[in-house]
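1 is the number of the first residue of the sequence shown in UniProt numbering; add one for each residue after it. Where a beta carbon is used, it is the ideal one built from N, C-alpha and C, also for glycine. For reference, the structure discussed in these notes is given below.
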Amino acid sequence: MDKSLLLFVGISCFLLINGVKVEDCDFLTETDNTRFQLFQASVPEEQPYRTAYHFQPPKNWLNDPNGPMYYNGVYHLFYQHNPHSALFGDGMVWAHSASYDLINWFSLDHALVPSEPFDAISCWSGSVTILPGNKPVILYTGIDANYNQVQNLATPKNRSDPLLIEWVKYSGNPLMTPPKGVDGDNFRDPTTAWQGPDGTWKVVIGSYSNNQGMAILYQSEDFVHWTMHRDPLYSASKTQMWECPDFFPVSINSTNGVDTSVANPSVRHVMKASVNPHDYYIVGTYDTEQEKFLPDADFTGTSSDLRIDYGKFYASKTFFDSKRNRRILWAWVNESDSSEDDIQKGWSGLQAIPRQIWLDRAGKQLVQWPVEELNNLRDNQVYVYGKQLESGSVFEVSGITASQADIEINFELPKLEEAEFMDTILVDPQLICDRQDSSVTGKYGPFGLLALATKDLTEQTAVFFRVFRGDNRYVVLMCSEQKRSSLRDNLDKTTYGAFVDIDPRQEMVSLRTLIDHSIIESFGGEGRTCITARVYPKLAINNEAHLFAFNNGTLSVTISSLHAWSMNKARVN
Ligand code: DQQ
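Right, dumping it as structure tokens:
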């Protein structure tokens with residue numbers, strides 16, 4: 001297996017492949033090199049919101065993850081990037097980074113930039129498919145000179161380059177143009193293609209037509225000539241334009257992932273649609289004869305539709321990691337500050353920590369967990385066992401860098417039968433979290449964490465639970481409350497909330513939270529419910545940030561275990 005490594009010695013930099021120096025870092029500009037040195041330092045005071053271990057470019061705008069893949073020993077991530085501005089605009093490119101562990105990344109040349117009539121304005125989102133013979137190809141949306149959305153093909157210039165730096169656009173592009181009845185601005189974001197039992201390739205394109213959001217299906221024998229199937233693979237009247245659809249199999253009885261072409265009784269299928277501003281999904285069966293996706297239940301257009309993440313999280317995309325037999329999900333996390341702030345910061349947008357995903361045992365929903373390589377950044381572990389949190393108590397978790405941390409906590413609720421009664425059928429969980437915020441005392445809850453908090457708690461982001469008794473079952477609510485996250489104004493401080501599908505009689509109420517300066521990613525119920533938030537504390541930055549566990553319910557809860565780590569800085573671009 002090829003192993004390459006970027007080495008920085010003094011001010012010189014070179015690329016080693018299998019221990020042999022093959023290239024000076026001339027693919028990094030002088031500014032990149034200077035920037036790299038800067039990145040070795042801790043987050044500068046004037047940039048308190050840059051992250052330490054989340055993926056982001058050195059500067060300017062980032063949005064959707066594109067074409068993630070594992071190829072010949074290297075993980076690749078392409079992403080939507082405006083190289084000219086901290087805001088979105090024309091001229092979007094596929095920026096490109098590579099990694100050996102999904103956590104430390106180095107930047108490569110842009111893979112696709114607008115240059116041809118079929119992508120004259122922008123190179124928008126798309127996916128990679130690895131064709132038989134280990135041949136990766138990109139399908140992406142070009143915004144052509146008339147601002148129409150068309151689908152294009154690109155292939156590596158040199159497949160033996162382990163970093164796949166140069167990509168060549170197919171001269172016969174575009175391969176697909178908006179079909180009859182579909183507007184030129186509603187036809188984009190090809191998925192990874194899959195091969196049917198008959199050997200033909202299939203791909204879906206996101207669209208909106210006749211008041212239905214949809215995944216338009218195309219088929220091809222040779223990956224170049226594509227024919228639209230008579231019906232979409234799936235369409236839903238309760239949705240708007242589908243951006244970045246994703247369609248993939250998940251094992252029924254295993255957390256392992258499978259290749260996108262697998263379609264047999266050992267898997268179910270997931271259809272994900274990004275319907276601005278959220279990523280929704282449904283689980284179901286893929287009928288390969290009829291070319292139909294048959295969900296267990298349709299989208300309803302209500303708060304009960306399943307979301308990948310119930311906070312700020314969009315345009316997610318998965319890939320099958322053949323190195324470790326898992327399916328990994330990437331997603332864009334937007335800013336919650338203003339465009340003026342972004343221009344001042346000089347950047348906008350992060351990628352969430354890549355998550356391994358699988359189907360829960362009941363087969364109803366996805367489970368997500370940060371890739372285990374993230375644990376290599378953990379340092380300085382502190383732990384607490386069997387600590388009772390009385391009603392009204394706040395307890396500081398000290399000994400870690402609270403602005404850059406990873407926390408796993410399990411709560412035990414000894415008197416469940418005393419929980420308040422709640423009928424969930426018609427209740428929007430986000431609304432309950434907002435109305436019954438962390439200052440409103442219940443019985444079981446609110447209890448949880450106060451992240452990126454000042455010592456006096458004037459700034460704090462509360463990630464908390466409430467547990468209710470329903471008819472013959474218990475209901476666990478998880479909230480991420482941003483309203484006290486910053487003394488600054490002009491920020492989106494929306495409260496997020498969702499139910500967690502666990503039975504607290506059978507398992508503890510668990511939370512894992514990743515804190516990284518301006519992002520808080522939380523995983524409730526061992527990854528069954530995820531909520532990501534962006535926050536910009538004014539005072540609780542760097543060493544001034546603190547972390548607390550709290551309980552504002554009248555019933556006491558026990559921290560059965562708490563493990564917290566400082567997180568080291570990753571090398572990111
Ligand atoms: N972002 C891309 C589009 C996609 C949207 C443009 C989703 O291809 O539909 O940057 O965030």
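Query raised in the report: In terms of residues, what are the limits of the alpha helix (DSSP H) holding E340?
Result: That run of the alpha helix (DSSP H) goes 339–345.
Query raised in the report: By Cβ distance, which residues of its chain are closer than 6 Å to K387, with the 5 residues on each side in sequence left out?
Result: Leaving aside the five residues that flank K387 on each side, the residues in its chain whose CB is nearer than 6 Å to its CB run, in chain order, I559.
Query raised in the report: Assuming R378 and W565 make a contact with CB atoms under 8 Å, what is their CB distance in whole Å?
Result: R378 to W565, Cβ: 4 Å. Contact.
Report task. Using only the heavy atoms of the ligand DQQ, determine whether one of them is closer than 7 Å to the beta carbon of E408. Result -> No, the Cβ of E408 stays beyond 7 Å of every heavy atom of the ligand DQQ.
Report task. Note down the Cα distance separating Y536 from E396, rounded to an integer number of angstroms. Result -> One C-alpha to the other measures close to 21 Å.
Query - Proximity winner among Y383, N573, N60, P65, relative to S316 (alpha-carbon distances) - result: Ranking Y383, N573, N60, P65 by Cα distance to S316 puts P65 first.
Report task. Grab me the residues of residue 597's own chain with a C-beta within less than 6 Å of its C-beta, minus the 5 sequence neighbours each way, in chain order. Result -> No information on residue 597 is available, as it lies outside the stretch 1 to 573 that the chain covers here.
Query raised in the report: Is any heavy atom of the ligand DQQ found at a distance shorter than 7 Å from the C-beta of T192?
Result: No - the ligand DQQ has no heavy atom lying nearer than 7 Å to the Cβ of T192.
Query raised in the report: With distances taken from CA atoms, which of E289, F187, N158 is nearest Y147?
Result: Taking each of E289, F187, N158 in turn and checking the Cα distance to Y147, the smallest one comes out for F187.
Query - Cα-Cα separation between Q219 and S107, rounded to whole angstroms - result: In this structure, the alpha-carbon of Q219 lies about 34 Å from that of S107.
Query raised in the report: With distances taken between CB atoms, is the gap from P249 to V267 smaller than 8 Å?
Result: Going by C-beta atoms, P249 is nearer than 8 Å to V267.
**Report entry** Separation of L487 from S522, as counted between CA atoms
**Finding:** Spanning the two alpha carbons is a distance of roughly 22 Å.
Query raised in the report: Mind checking whether H54 and D516 have CB atoms under 8 Å apart?
Result: The answer is yes: Cβ separation under 8 Å.
Requested in this report: Write down the C-beta distance between N376 and G399 rounded to the nearest angstrom, noting that I regard them as a contact closer than 8 Å.
Outcome: N376 to G399, Cβ: 20 Å. No contact.
Requested in this report: Tell me, please, which residues DSSP counts as bridged to K169.
Outcome: Per the DSSP secondary-structure output, K169 pairs in a beta bridge with A154.
Requested in this report: Under the assumption that G301 contacts K238 (Cβ atoms under 8 Å), give the Cβ distance between them as a whole number of angstroms.
Outcome: In this structure, G301 and K238 form a Cβ contact; the two beta carbons are roughly 3 Å apart against a cut-off of 8 Å.
Query - Q430: first and last residue of the uninterrupted beta strand (DSSP E) it sits in - result: In the DSSP assignment, Q430 falls outside any beta strand (DSSP E) and within the unbroken alpha helix (DSSP H) covering 429–435.
Query raised in the report: In whole angstroms, what separates the C-alpha of R35 from that of R571?
Result: Its pLDDT being 32, under 50, R35 is placed unreliably in this model, and the value from its coordinates should be taken loosely. So the alpha carbons of these two residues sit roughly 12 Å apart.
Query - P370 versus W242: straight-line alpha-carbon distance, rounded - result: Between the alpha carbons of P370 and W242 lies a gap of roughly 26 Å.
**Report entry** Residue(s) in a DSSP beta bridge with Y310
**Finding:** Under DSSP, no beta-bridge partner is assigned to Y310.
Query raised in the report: Does DSSP put E291 in a helix, a strand or coil?
Result: Looking at E291 - three-state DSSP - the assignment turns out to be coil, as it is neither helix nor strand.
Query raised in the report: Does at least one heavy atom of the ligand DQQ sit under 7 Å from the Cβ of R188?
Result: Because some heavy atom of the ligand DQQ lies under 7 Å away, the Cβ of R188 counts as near it: yes.
Report task. Flag this pair as yes or no: are the beta carbons of P245 and A215 separated by less than 8 Å? Result -> Against a cut-off of 8 Å, the Cβ pair of A215 and P245 comes out as a contact.
Query raised in the report: Tell me the DSSP bridge mates of residue 574?
Result: The displayed coordinates of the chain run from 1 to 573. Any statement about residue 574 would go beyond what the structure contains.
Requested in this report: Could you tell me the distance, in whole angstroms, from the CA atom of D231 to the CA atom of Y170?
Outcome: Their backbone Cα atoms lie some 27 Å apart in a straight line.
Report task. Note down, in chain order, each residue of its chain lying with its Cβ closer than 7 Å to the Cβ of K312, except the 5 sequence neighbours on either side. Result -> When the five nearest sequence neighbours on each side are left out, the beta carbons in the same chain lying within less than 7 Å of the beta carbon of K312 are those of V333, N334, S336, T532, A533, R534, in order along the chain.
Requested in this report: Would you check whether the ligand DQQ has a heavy atom nearer than 7 Å to the C-beta of T239?
Outcome: No; taking the cut-off as 7 Å, the Cβ of T239 has no heavy atom of the ligand DQQ nearer than that.
**Report entry** Whether V93 touches H110 by CB criterion (8 Å)
**Finding:** V93 is a Cβ neighbour of H110, given a cutoff of 8 Å.
**Report entry** DSSP-derived helix/strand/coil call for F499
**Finding:** Residue state, collapsed to three classes: strand.
Query raised in the report: What residues in its chain sit with their C-beta under 7 Å from that of P117, if we drop five residues either side in the sequence?
Result: Counting only Cβ-Cβ distances below 7 Å, and skipping sequence neighbours, we find D144, A145.
Query raised in the report: Thinking C-beta only, is P57 closer than 8 Å to A98?
Result: No, the pair does not count as a contact, with Cβ atoms beyond the cut-off.
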